[in-house]
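Residue numbers (the numbering used here), protein chains in the order written: chain A, 1 to 620; chain B, 1001 to 1352.
Cβ coordinates follow ideal geometry from the N, Cα and C atoms, glycine included.
Please read all numbers here as calculations on a predicted model, not as lab measurements.
Shown next, in structure tokens, is the structure this report addresses.
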Ligand code: SF4
């Protein structure tokens, strides 16, 4: 049966099922094929904190959303055009996000009386008319998969488990995606189980031909490739990009990479990823706790390595004292905080931006720490290099604020040419730097570079530069213990000035304002870049004028930030917290910025930002 | 050169061309412990001992935590870090793992290592990182002015326990043995000869060496170890362990340790059981059973029957060596990493 082929320019699909249904894998595979077809894309996985939450319950639902288009996109989409619901719980948890008229594919096999009751459906929504507003495709996914795999020598359970491949096959047909990548992937995954491999491939193909033949789907869609800049692309999510950035920083600085880390969601994948790359000389140390993780990293830095620790908000709280020590020792250290919902254990698998103030102030004493935030999954790569650069060149701990969305979300990445990466010079001290009154040559560990205010970094093993450093206050220059009040006042100001001086090493904040006449600026940081960008674009299409700027450096701020803020009548600051950047901006620049805030564990929807922007423009 | 030692732990640390002396290890910082503090004797013993290792001074690092003892690195003319409370073993682990060419020493106290830093201590011991940990045990908190510590005997009257402390004490040697330590020893600040012998063995040991040093805090806990120091009684109380030798002690060497039929150990008069029944100390025994039993002999209150010396000294590859070997094996089999290939990954497409 030949079907009508419709060209569309943007599609948002959400796969939702039980945590055991393999939805993340299905989403990943679809994403990979989609990238290969040259569409721009953006993904948003959303999974429960429990490894196997009770089956069939709403808390146990795992979802994966993917937007892809024939043009440049920056968000995984506000609302899906297609929802695949593998069971009643998945339907219940996701249906409210589905706009009227959207496609809904349900696995009818799972809509049993018991399963419905488990999530509080008193009637079957497939029968009682509640799904009338949607374009429902009722498919017996499980039993059709089992039927298709009858001839295979596998258990019924194993056959049922292949239903995600059946669904993937169906969706691949619907959106004209190929099967080659999935085939290669399955071949690798089930290399030692040829029967399971064959069954999964057969399930995929059965899903595909079901789409082709069933009357339930009358159209097939095509999405043309996006006009992306020329080059070689891959799909990448934030955690692996960040890990690669750390390895790259190690290469361009010539310092061995040492990671001290304690497993924590959603940062553990960076530990996993780096532990796979010993060929780069990377040492990963899974410590006994968060404190030991940062302690070992600092010890490695003291010895001349690029010391890194990776964690999430609760881990940063535990590491605070050691970060303070690094401030005092003035040694390089990169602290990666993949933020999640807080306070306390909070929402481990949900995203949030609520650690900005912890990064800024969460230590005793005057303890300034530079802060960097990546703006997209692939940008985690460059942000990791920038954080390492500042840490090494300024001899300071640096906090890199990623978040759960960046960590797990993905996008196509134009693979950089490594020869274009900046180099980082550790500039180790090798000779004495001071002459005493009697002519003795001495090494003063706190005699600063007049330009950067960075102190010399002499690593153990350097002859003649033996010295002691510690957390007690040091005499300016010579570095020995000093309890002198004036000296302390000077040292506190010097450490602050050193961090402020970092602003001279990066460019000014750039504002995107195509008309040059916008009166409203939307200023964000971190992972809100995508939704803000999309919102500004939509706003501009309505004819309204809006400017956008995004902060990568949160401490110190770019030197022109005050000027930028004052150039607009209103500044909107969207954040996934209750206004932490707003607080800093108001305090520092006395500008009455307006926060747009939510902590629902998910990125902003661009529509809610559009509403806020339009309302602000209209209020002028 | 002084005698050369078989020192697997230091085989990657560069040797000094010059003969160094104790003076070379004294920093220009004025030592600020209370006059009479046992720390002085330990500092001087360490400074006196280090030259015999024949290492380059710049390749020696002392890392400490917080407390009176933790001021130690400031007085050593080596590299040094005075870090934060309890965390020195963690910091030193990162340093030792990434720098096999360094001789890394940790100086800590009973509060620093057994209270706030207990976790790091036991994990350093179990991993067998190439660190030499000197635990100055004075059974009191000195720097915070006299609260009881995790090694204080129960019932101790201190500023924070006016009616007497209630918690049971840690026995650092038992704790270390339970934590899979490969080298555990105990010595005394005032016995320079014994202290030096133990330091020598610790330095030679590959992996973590824990050396508990009974140290007198003459300000807040004076005389805590007196029964082991007072020449009138010490020989009656001290059991000097020596590998391969029968475990005998007493003023006239009249006492000894035997194994009882139920598997425990017991102190007896040698005359009553005969020399051949006395256990020979075996610090190299794989099974830590005897070492543990010996660590339980002393009466924590009266200090009678207190063994000192090396309880356990066994061979086991150090963590840092294994880490390096793993990295080297990967580099040997895959070659040094190709950054461009890493960034490219497996699944790419081209836009032209
Ligand atoms: S308080 Fe005690 S341990 Fe501390 S320096 Fe004084 S005597 Fe030594």
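Q) CA-CA distance, residue 88/A and residue 1129/B? A) 53 Å
**Q.** Alpha carbon of residue 504/A to alpha carbon of residue 1060/B, nearest angstrom
**A.** A direct Cα-Cα distance of roughly 38 Å separates residue 504/A from residue 1060/B.
Q: Starting from the Cα of residue 501/A, find the closest Cα among 460/A, 490/A, 556/A, 380/A and give me that residue.
A: 556/A
Q | Through-space distance from residue 588/A to residue 1223/B, alpha-carbon basis | A | 58 Å
(Q) I'd like to know whether the C-beta atoms of residue 137/A and residue 217/A end up nearer to each other than 9 Å. (A) yes
Q: Please indicate yes or no: does the CB of residue 647/A lie closer than 8 Å to some heavy atom of the ligand SF4?
A: It is not possible to answer for residue 647/A, since the shown part of chain A is limited to 1 through 620.
Q: Starting from residue 272/A, trace the alpha helix (DSSP H) both ways and give me its first and last residue.
A: 268-275
Q. Is the beta carbon of residue 547/A less than 9 Å from the beta carbon of residue 1339/B?
A. No; because the gap between Cβ atoms is not below 9 Å, this pair is not in contact.
Q | Burial state of residue 569/A (16 or more Cβ within 10 Å) | A | exposed
Q: Taking only beta carbons into account, state which residues of the stretch 1067-1079 of chain B come closer than 8 Å to chain A, listed in chain order.
A: 1073, 1074, 1076, 1077, 1078, 1079
Q) What three-state label does DSSP hand residue 43/A in the structure shown? A) strand
Q. Closer than 8 Å, Cβ to any Cβ of chain B: which residues of the stretch 18-34 of chain A, in chain order?
A. 32
Q) Exposed or buried, residue 1032/B, counting other C-beta atoms within 10 Å across all chains shown (16 or more means buried)? A) exposed
Q. Looking at chain B, which residues of the stretch 575-590 of chain A have a Cβ within less than 9 Å of any of its Cβ atoms?
A. none
Q: Can you say whether residue 1004/B is buried or exposed, counting buried as having 16 or more other CB atoms within 10 angstroms of its CB?
A: Here residue 1004/B scores only 42 on pLDDT, less than 50, and its place in the model is too uncertain to base an answer on.
Q) At a Cβ threshold of 9 Å, is residue 1004/B touching chain A? A) The predicted position of residue 1004/B is uncertain, since its pLDDT is 42 and thus under 50; a value taken from the coordinates is nonetheless stated next. So no, residue 1004/B is outside the interface.
**Q.** Cutoff 9 Å: residue 429/A Cβ touching any chain B Cβ
**A.** no
Q: Taking C-beta pairs closer than 8 Å, name the residues in chain B that residue 235/A reaches, listed in chain order.
A: Chain B residues near residue 235/A: 1347.
Q) If we call anything under 9 Å between Cβ atoms a contact, is residue 1008/B one with residue 1204/B? A) yes
Q. Hey, would you say the C-beta of residue 1215/B is under 8 Å away from at least one heavy atom of the ligand SF4?
A. yes
Q: Would you mind reading off the limits of the beta strand (DSSP E) that contains residue 240/A?
A: Annotation: residue 240/A is outside any beta strand (DSSP E); the continuous alpha helix (DSSP H) that includes it extends over 238-253.
Q | Residues bridged to residue 372/A [DSSP beta-bridge criterion] | A | 400/A, 553/A
Q) Name the DSSP beta bridge partners of residue 1266/B, please? A) 1258/B
Q. Which of the three DSSP states, helix, strand or coil, is assigned to residue 173/A?
A. helix
Q | Alpha-carbon to alpha-carbon, residue 1099/B and residue 1318/B | A | Answer to the nearest angstrom: the Cα atoms are 13 Å apart.
Q) Got a sec? Which residues, its chain only, sit under 6 Å from residue 622/A by beta carbon, not counting five neighbours each side? A) Chain A is shown from 1 up to 620; residue 622/A falls before or after that span and cannot be answered.
Q. Which residue from 405/A, 394/A, 384/A puts its Cα closest to that of residue 348/A?
A. 405/A
**Q.** CB of residue 314/A within 9 Å of CB of residue 1056/B, strictly
**A.** no
Q. Could one say the Cβ of residue 258/A lies closer than 9 Å to chain B's Cβ atoms, at least one of them?
A. Residue 258/A counts as touching chain B.
Q. Can you find a heavy atom of the ligand SF4 that lies under 8 Å from the Cβ of residue 1223/B?
A. no
Q: Please confirm whether any heavy atom of the ligand SF4 lies closer than 8 Å to the CB of residue 1039/B.
A: Proximity of the beta carbon of residue 1039/B to the ligand SF4 is indicated: a heavy atom of the ligand is located closer than 8 Å.
Q | Burial state of residue 1120/B (16 or more Cβ within 10 Å) | A | buried
Q.
Can you look up residue 337/A in the DSSP assignment and give me helix, strand or coil?
A. strand
Q: If I'm right that residue 1157/B touches residue 1241/B with Cβ under 8 Å, what's the distance once you round it to whole angstroms?
A: Residue 1157/B to residue 1241/B, Cβ: 33 Å. No contact.
**Q.** Which of helix, strand or coil DSSP assigns to residue 330/A
**A.** Three-state DSSP puts residue 330/A in coil, outside helix and strand.
Q. Quick one: what does DSSP say residue 1005/B is sitting in, helix, strand or coil?
A. Low confidence applies to residue 1005/B: its pLDDT is 47, below 50, so where it sits in the model is not reliable enough to give any reading.
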